[in-house]
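Colleague: Per full-length UniProt numbering, residue 1 is the first one in the sequence shown, and the count goes up by one each step. For every residue, glycine included, the Cβ atom is placed at its ideal position computed from N, Cα and C.
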Amino acid sequence: MDFLDKIVGVAPRPFSLTEAKFDQGTFYGRWRYFMDLVSPMSLFYSLDQAKDMKNLLERYKEGKAGSISDADLWKARQVVQSTFHPDTGEPILKAFRFSAFGPANVPIMIGMLLSKKTPFSIPFWQAVNQTYNVGFNYCNRSINSPFTTTQLAISYLLATSSSVIISMYLDKLITRRGGTSLFVRTLGPATAVAIAGCLNLMVIRYGELIEGIKVYDREGNTLGMSHIAANDGLSKTFAIRFCMQYPCCFWPVIMVGAMGKVGLYPHKGPGKIGAEVFVLCTTLYFVLTACFAAYPQILEKDKLEPHLVSPNKFYYNRGL
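(1) Taking the beta carbon of TYR45 as the centre, do at least 16 other beta carbons fall within 10 Å, making it buried, or is it exposed?
(2) So, using beta-carbon positions, are THR83 and ALA104 closer together than 8 Å?
(3) VAL203 to GLU305, Cα distance in whole Å?
(4) Buried or exposed: CYS248, going by 16 or more other Cβ atoms within 10 Å of its Cβ?
(5) Mapping the DSSP letters down to three states, classify ASN317 as helix, strand or coil.
(6) Taking buried to mean at least 16 other C-beta atoms within 10 Å of its own C-beta, is ILE166 buried or exposed?
(7) State the CB to CB distance for the pair TYR316 and TYR206, rounded to an integer number of angstroms; the pair is presumed to be in contact (CB under 8 Å).
(8) Please state whether DSSP places LYS94 in a helix, a strand or coil.
(9) Given THR186, which residues of its chain have a CB within under 8 Å of its CB, disregarding the five upstream and five downstream residues?
(10) How should PHE286 be labelled, buried or exposed, when 16 other C-beta atoms within 10 angstroms of its C-beta is the threshold for buried?
(11) Tell me the DSSP secondary structure of SER16 in three-state form.
(12) Taking the alpha helix (DSSP H) that GLU300 falls in, what are its first and last residues?
(13) Taking DSSP's pairing of strands, which residues face MET202 in a bridge?
(14) Count the other C-beta atoms from every protein chain shown that fall within 10 angstroms of the C-beta of ALA196, then say buried if there are 16 or more, exposed otherwise.
(15) Can you grab the Cα-Cα spacing for the pair LEU308 / GLU58, in whole Å?
(16) So, helix, strand or coil for LEU101, using DSSP?
(17) Cutting at 6 Å between CB atoms, please list the residues of its own chain near GLN245, excluding the five before and the five after it.
(18) On the premise that CYS139 lies in contact with LEU93, defined as a C-beta separation below 8 Å, what is that separation, rounded to the nearest angstrom?
(19) From LYS272 to GLY260, what distance separates their C-alpha atoms?
(20) Measuring CB to CB, does ALA100 end up less than 8 Å from LEU47?
(21) Buried or exposed for MET41, please, with buried defined as at least 16 other CB atoms from any protein chain shown within 10 angstroms of its CB.
(22) On a CA-only basis, which of THR160, ASP23 and ILE240 is nearest ARG318? Give me that one, please.
Here you go:
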């Protein structure tokens with residue numbers, strides 16, 4: 001993505017272990033943050049290579065890294081953040097890393113959006129999608145805001161059952177009133193995934209509304225727990241999770257239709273599979289990341305609860 005940075009005229013910041021690579025006060029900076037987060041390139045590094053990079057960052061922190069470029073340090077930080085859990089420091093299963101989110105979701109989205117809609121395929125692909133989501137949530141769970149196995153099971157059952165029921169009902173309703181075109185029938189899966197994702201989010205993170213979340217000052221010092229920050233972070237994440245499903249679900253259908261009209265979309269064989277993968281990759285790596293960039297990952301406020309005092313501003317992670 002360096003070529004795009006040059007075209008836009010945006011340069012990365014000098015390396016930092018705490019600050020983001022690009023200005024998070026701009027949409028482009030936030031979009032680039034999420035592009036790096038989901039980049040599949042990190043998957044090509046072995047665990048031993050990731051450990052070496054982790055050791056490099058430790059040496060840098062201690063001032064013992066020697067002469068090394070900012071570009072190499074940024075690359076090391078990206079691989080380490082993708083490979084190791086931020087709380088435990090343990091490696092995350094490859095299939096459930098952020099860098100694997102795109103490759104794992106391509107076949108799921110092909111099944112949900114571009115396969116033939118049948119009474120079997122609709123609930124099957126909704127179930128597959130929610131199964132992957134619950135595994136992803138579990139492997140990337142926060143140790144500071146843990147959830148139990150019971151919560152995980154409830155989240156899975158609620159999200160899966162709701163997505164299946166809603167998608168089947170909406171598909172019948174839309175077919176009866178709106179027609180049978182692929183574009184129209186995509187509304188059902190999109191709405192089902194949006195509602196299921198929000199239910200999943202509420203089950204997993206409802207504890208934050210009760211206990212609050214940690215807030216920090218500019219230097220990263222913990223200042224306490226805040227309910228206002230929890231409400232703000234969750235509401236923004238809730239809005240993104242719901243709204244992002246529509247551009248992410250309709251964009252592939254729009255692209256397939258446009259490519260078909262100009263003769264660039266094969267109707268069978270390897271060419272069809274290649275076209276579908278291309279369409280879904282652009283959706284996952286450009287449209288999805290643009291949706292996530294609607295709000296900064298680290299939010300800030302001047303005031304929170306009266307008992308919380310900060311020498312500058314309050315900072316907190318809104319979650320994903």
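Modeller: Taking the definition as stated:
(1) Locating residue 45 in the sequence shown gives position 45, counting from the first residue. So TYR45 counts as buried.
(2) Within the sequence shown, the letter at position 83 stands for residue 83. Within the sequence shown, the letter at position 104 stands for residue 104. Not a contact, by the Cβ cut-off of 8 Å.
(3) As a first step, residue 203 is located in the sequence shown; it is residue number 203 there, counting from the start. As a first step, residue 305 is located in the sequence shown; it is residue number 305 there, counting from the start. Approximately 25 Å, taken between the alpha carbons.
(4) Taking the first residue of the sequence shown as position 1, residue 248 is located at position 248. Buried, by the Cβ-count rule.
(5) Taking the first residue of the sequence shown as 1, we reach residue 317 at position 317. ASN317 falls in the strand class under three-state DSSP.
(6) Numbered from its first residue, the sequence shown carries residue 166 at position 166. With 16 or more other Cβ atoms within 10 Å, it is buried.
(7) On the sequence shown, residue 316 is found 316 positions in, with the first residue counted as 1. On the sequence shown, residue 206 is found 206 positions in, with the first residue counted as 1. With 8 Å as the limit, TYR316 and TYR206 do not qualify as a contact, their Cβ atoms being about 17 Å apart.
(8) Stepping through the sequence shown from its first residue, residue 94 is reached at position 94. Three-state DSSP puts LYS94 in a helix.
(9) Here residue 186 refers to the residue found at position 186 when the sequence shown is read from its first residue. Excluding sequence neighbours, THR186 sits near LEU113, CYS249, PHE250 and VAL253.
(10) Position 286 of the sequence shown, counted from the first residue, corresponds to residue 286. The residue is exposed, with fewer than 16 neighbouring Cβ atoms inside 10 Å.
(11) Looking up residue 16 in the sequence shown gives position 16. If DSSP states are grouped into helix, strand and coil, SER16 belongs with coil.
(12) Start at 1 with the first residue of the sequence shown, and residue 300 comes out as number 300. Note, GLU300: premise wrong, no alpha helix (DSSP H); beta strand (DSSP E) at 298-301.
(13) For the purposes of this step, residue 202 is identified with residue 202 of the sequence shown, where counting begins at 1. According to DSSP, which records beta bridges pairwise, MET202 is partnered with nothing at all.
(14) Taking the first residue of the sequence shown as 1, we reach residue 196 at position 196. It is buried - the Cβ of ALA196 has at least 16 other Cβ atoms within 10 Å.
(15) In the sequence shown, residue 308 corresponds to position 308, counting from 1. In the sequence shown, residue 58 corresponds to position 58, counting from 1. Cα to Cα, LEU308 sits roughly 32 Å from GLU58.
(16) Numbered from its first residue, the sequence shown carries residue 101 at position 101. The sequence as given places Phe at residue 101; Leu does not occur at that position. Three-state result, PHE101: helix.
(17) Looking up residue 245 in the sequence shown gives position 245. Cβ neighbours of GLN245 beyond the five flanking positions: ALA190, VAL193 and ALA194.
(18) Looking up residue 93 in the sequence shown gives position 93. Looking up residue 139 in the sequence shown gives position 139. Indeed they touch by this definition, with Cβ atoms about 6 Å apart.
(19) For the purposes of this step, residue 272 is taken as residue 272 along the sequence shown, with counting starting at 1. For the purposes of this step, residue 260 is taken as residue 260 along the sequence shown, with counting starting at 1. C-alpha separation (whole angstroms): 11 Å.
(20) Here residue 100 is taken as the residue at index 100 of the sequence shown, counted from 1. Here residue 47 is taken as the residue at index 47 of the sequence shown, counted from 1. No. Outside cutoff.
(21) For the purposes of this step, residue 41 is identified with residue 41 of the sequence shown, where counting begins at 1. Answer is exposed; the Cβ neighbour count stays below 16.
(22) As a first step, residue 318 is located in the sequence shown; it is residue number 318 there, counting from the start. Nearest of THR160, ASP23 and ILE240 to ARG318, Cα basis: ILE240.
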